[in-house]
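By the count of the working numbering, the sequence shown reaches residue 160 at its end, each step adding exactly one. Even glycine gets a Cβ: it sits at the ideal position worked out from N, Cα and C. Have a look at the structure below, then the notes.
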Amino acid sequence: PGAHPFDPGLLAATTDERMVRWWWTNRPSASVVLATGGKAPCAVSLPALAAARALDALDRKGMRLGPVVASPTRWSILVAPYSMEQLGELLYAKDFVPGSLRFHGEGGYLALPPSETGQGQIRWERAPLPGSAAPWVPDVEAVVDAVVEALTRTGVSAPEL
């Protein structure tokens, strides 16, 4: 409940401010859902505890990240759009990828703040910069490489993810 599109296949998705205002007038508690892929950002998500450790390690490393969406159980790092072919090649080239990493690409969706889901309130761990219509987001390869390295170095093993 609350973390998935109301309309099948996101057919009614829009960025039209008048339509969004009308929806929220009629359904004030409706979730905000980002349709991932295409020209929109995609995301890489991981369990909240591992994500907090990974972001801390990436900050120490000086890696630039874009917005990060947080639920009580998972955090999602927004990344530039990617194709399934790109993702497949990236994962194939890795010796190890935590099984709990999830990829939200073409045809997927992600609940955004201030949505409420069955798991709790969605919030920004790292909000987009104010006034930025299209926030900068890193490439999926840079994020996956850095997250896998950070989790390996901080001692987070696959069972903990």
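Query raised in the report: On the premise that Ala79 lies in contact with Val136, defined as a C-beta separation below 8 Å, what is that separation, rounded to the nearest angstrom?
Result: 5 Å
Query - Contact under 9 Å by Cβ, Pro66 with Gln118 - result: no
**Report entry** For Thr13, three-class secondary structure by DSSP
**Finding:** coil
Query - Rounded straight-line distance, which links the Cα of Leu86 to that of Arg17 - result: 36 Å
Query raised in the report: Where do the N-terminal and C-terminal ends of the alpha helix (DSSP H) with Glu84 fall, by residue?
Result: 83-91
**Report entry** When Trp21, Val31, Met62 are compared against Val162, the one with the closest alpha-carbon
**Finding:** Since the first and last residues shown for the chain are 0 and 160, residue 162 lies out of range.
Report task. Could you have a look at Val68 and say whether DSSP puts it in helix, strand or coil? Result -> strand
Requested in this report: Would you mind reading off the limits of the beta strand (DSSP E) that contains Leu128?
Outcome: It is not in any beta strand (DSSP E) - Leu128 carries neither H nor E in the DSSP assignment.
Query raised in the report: Can the beta-carbon of Glu105 be found less than 9 Å from the beta-carbon of Gly37?
Result: yes
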